[in-house]
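If you read the sequence shown in this note's numbering, its first letter stands for residue 274, the second for the next number, and so on.
Don't be surprised by glycine CBs; every beta carbon is placed ideally from N, CA and C.
Bear in mind the structure is a predicted one, so any value in this text is a computation, not a measurement.
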Amino acid sequence: MTTSKPKQATDNSCDPGEPIARVTAVDRDQYLIRNSESEVPAKLTGRAVYASASPADMPCVGDWVHVKYHDSGTHASILDVLPRQSFLRRKRPGGNVEFQMIAANIDVAFIVQSCHFDFNLRRLERYLVMTSEGHIEPVVLLTKTDLVSPETLDELVAQIRHAGIGARIITLSNISGIGVEQLRELIQPGKTYCLLGSSGVGKTTLVNRLLGDSDLATAAVSHTGEGRHTTTRRQLIVLENGGLLIDMPGMRELGMLGVSEGIDDSFADIQAHAANCRFADCTHSGEPGCAIQRAIAQGELDPAHFQNYLKLKKEAAFHDLSHLEKRHKDRAFGKLVRSVTKAGGKRKDY
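So this is what it looks like as structure tokens:
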């Protein structure tokens, strides 16, 4: 069960000869890992916890890990996490400016949007930034096509293309099955895929179709077109053809943190126009010879697409600065703790 042969851990925290397994599910400090023969529960060793510089270093679904088995292989200890070849992460929800690792070692991300109630071009752009930053190929899935007219479907696809999004698009219906076979043919043995999207867009029903059964419980679609099943945890599923699929809950917040490269890559059309501005330091806000404003005026660039680009750049810069300030404070506190520890915790009273 490999996407590609994992690299060895960069530190010397464990014997490189230790067995390697893959994390298939995470529930707080409880893990499920899979090797070539079985799936067993596992826990992270205290040494591995101590060696983690941040929560983002802890194992997540899709990670390759060194393990040690106990009691004839019925459970295991996770010794360390091998270097990630790709990843999905976001700013942790709420006011905490930290990375939250969502999944790792993914080849292709299926970004699912419902044609009926969920379609949101700005959210799609956020997902594309996440996948680009994590070095994952995106494929856009437009579901519930049976609930809209062919003209509406064509308009949605046109909106995606007008926003400069060149990712592959597959339109499908979980009711009629149209497009599902096309998706199934795309999935290759040994490669890892994931499903991204809001709750109720049909992700779990789609997983069931790919599995060929109803392994993951679903409910009937409501009168609004919104599915009633909600995935409660991320899990890696082995498909019949040997492909690997990570199903995950819908994400309400897609905060931008550490995504400067992903933004530039996802908005490559804006970068291309900006390269033709008269001034290298053009702010695109009224300078003469601005290629961005010219493209907008001529209908070559969607103004909402450009405004979302500016919004994401501003949001990412703010969170990056906050994260940097927090790291500086954490380092200063760490130095204080080490100095006190080195002094034996003694204090002079005057």
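Beta-carbon gap between residue 465 and residue 378 smaller than 8 Å: Locating residue 465 in the sequence shown gives position 192, where the first residue counts as 1. Locating residue 378 in the sequence shown gives position 105, where the first residue counts as 1. Yes, these two residues count as a Cβ contact at 8 Å.
Check whether residue 354 and residue 297 have beta carbons under 8 Å apart: Along the sequence shown, one-based indexing puts residue 354 at 81. Along the sequence shown, one-based indexing puts residue 297 at 24. Not in contact: residue 354 and residue 297 (Cβ atoms no closer than 8 Å).
Neighbourhood of residue 460 by C-beta distance below 8 Å, restricted to the same chain and skipping five residues each side: To locate residue 460, count along the sequence shown from 1; it is residue 187. Taking C-beta separations shorter than 8 Å and ignoring five residues to either side along the sequence, the partners of residue 460 in its chain run 466, 483, 512, 514, 516 and 518, following chain order.
Where the beta strand (DSSP E) containing residue 411 begins and where it ends: Taking the sequence shown and counting its residues from 1, the one referred to as residue 411 is at position 138. Residue 411 -> beta strand (DSSP E) spans 410–416.
Residue(s) in a DSSP beta bridge with residue 348: Residue 348 sits at position 75 when you count from the first residue of the sequence shown. According to DSSP, which records beta bridges pairwise, residue 348 is partnered with 343.
As assigned by DSSP and simplified to three states, the class of residue 312: Taking the sequence shown and counting its residues from 1, the one referred to as residue 312 is at position 39. DSSP places residue 312 in strand when its eight states are reduced to three.
As assigned by DSSP and simplified to three states, the class of residue 338: As a working note, residue 338 is residue 65 in the sequence shown. Reduced to three states, the DSSP call for residue 338 is strand.
Presumed contact (8 Å Cβ cut-off) between residue 248 and residue 362, rounded CB distance: With the chain represented from 274 up to 623, any question about residue 248 goes unanswered, as that position is not in the structure.
Counterpart residues of residue 442 in DSSP-defined beta bridges: Residue numbering aside, residue 442 sits at position 169 when the sequence shown is read from its first letter. Bridge partners of residue 442: 413.
Nearest to residue 413 (by Cα), restricted to the options 376, 300, 522 and 396: As a first step, residue 413 must be located in the sequence shown, where it is residue number 140. Here the closest residue by C-alpha is 396.
Cβ contact (3+ pairs, closer than 8 Å) linking the stretch 446–454 and the stretch 471–481: The answer is yes - the stretch 471–481 touches the stretch 446–454, with three or more Cβ pairs under 8 Å.
Sub-8 Å separation of residue 539 and residue 405 beta-carbons: Within the sequence shown, numbered from 1, the residue matching residue 539 stands at position 266. Within the sequence shown, numbered from 1, the residue matching residue 405 stands at position 132. Between residue 539 and residue 405, the C-beta spacing is below 8 Å.
Neighbourhood of residue 435 by C-beta distance below 7 Å, restricted to the same chain and skipping five residues each side: Here residue 435 refers to the residue found at position 162 when the sequence shown is read from its first residue. Contacts found: 575.
Span of the alpha helix (DSSP H) around residue 533: As a working mapping, residue 533 is identified with position 260 in the sequence shown. Looking at the DSSP string, the run of the alpha helix (DSSP H) that includes residue 533 is 533–539.
Neighbourhood of residue 359 by C-beta distance below 8 Å, restricted to the same chain and skipping five residues each side: The residue labelled residue 359 in the question sits at position 86 within the sequence shown. Once the five neighbours on either side are set aside, the close Cβ partners of residue 359 are 377, 378, 379, 380, 407, 408 and 409.
CB of residue 469 within 8 Å of CB of residue 520, strictly: Residue 469 sits at position 196 when you count from the first residue of the sequence shown. Residue 520 sits at position 247 when you count from the first residue of the sequence shown. Between residue 469 and residue 520, the CB-CB gap reaches or exceeds 8 Å.
Beta-bridge pairing of residue 508 - partner residues as DSSP gives them: The residue given as residue 508 occupies position 235 in the sequence shown. Residue pairing from DSSP places residue 508 in a beta bridge opposite 298 and 520.
Where residue 586 sits in the DSSP three-state scheme: In the sequence shown, counting from the first residue as 1, residue 586 sits at position 313. The DSSP-derived three-state label of residue 586 is helix.
DSSP state of residue 476 mapped onto helix, strand, coil: Numbered from its first residue, the sequence shown carries residue 476 at position 203. In the structure shown, residue 476 sits in a helix (DSSP, three-state: H, G or I).
Through-space distance from residue 432 to residue 394, alpha-carbon basis: Working through the sequence shown from its first residue, we reach residue 394 at position 121. Working through the sequence shown from its first residue, we reach residue 432 at position 159. Rounded to the nearest whole angstrom, the C-alpha separation of residue 394 and residue 432 is 8 Å.
Environment of residue 591 [buried if 16+ CB atoms lie within 10 Å]: On the sequence shown, position 318 is the one that residue 591 refers to. By the neighbour-count criterion, in which 16 or more other beta carbons inside 10 Å mark a residue as buried, residue 591 falls on the exposed side.
Span separating the alpha-carbon of residue 453 from that of residue 485: Within the sequence shown, the letter at position 180 stands for residue 453. Within the sequence shown, the letter at position 212 stands for residue 485. The straight-line gap from Cα to Cα measures roughly 11 Å.
Integer Cβ distance of residue 340 from residue 291, believed to fall under 8 Å: Start at 1 with the first residue of the sequence shown, and residue 340 comes out as number 67. Start at 1 with the first residue of the sequence shown, and residue 291 comes out as number 18. The Cβ separation is near 7 Å, so the contact holds.
Among 536, 383, 324 and 315, the one whose alpha carbon lies nearest that of residue 581: Residue 581 sits at position 308 when you count from the first residue of the sequence shown. Nearest option by C-alpha distance: 536.
Residue closest to residue 391, alpha-carbon to alpha-carbon, out of 402, 416 and 411: In the sequence shown, counting from the first residue as 1, residue 391 sits at position 118. Cα-wise, what sits closest to residue 391 is 416.
Cβ of residue 442 within 8 Å of any chain C Cβ: Chain labels in this structure do not include chain C; a single protein chain is all it has.
Opening and closing residue of the alpha helix (DSSP H) in which residue 432 lies: To locate residue 432, count along the sequence shown from 1; it is residue 159. 423–435 is the span of the alpha helix (DSSP H), which, as asked, contains residue 432.
Residue 404, DSSP secondary structure in three states: In the sequence shown, counting from the first residue as 1, residue 404 sits at position 131. Taken through DSSP and simplified to helix, strand or coil, residue 404 comes out as helix.
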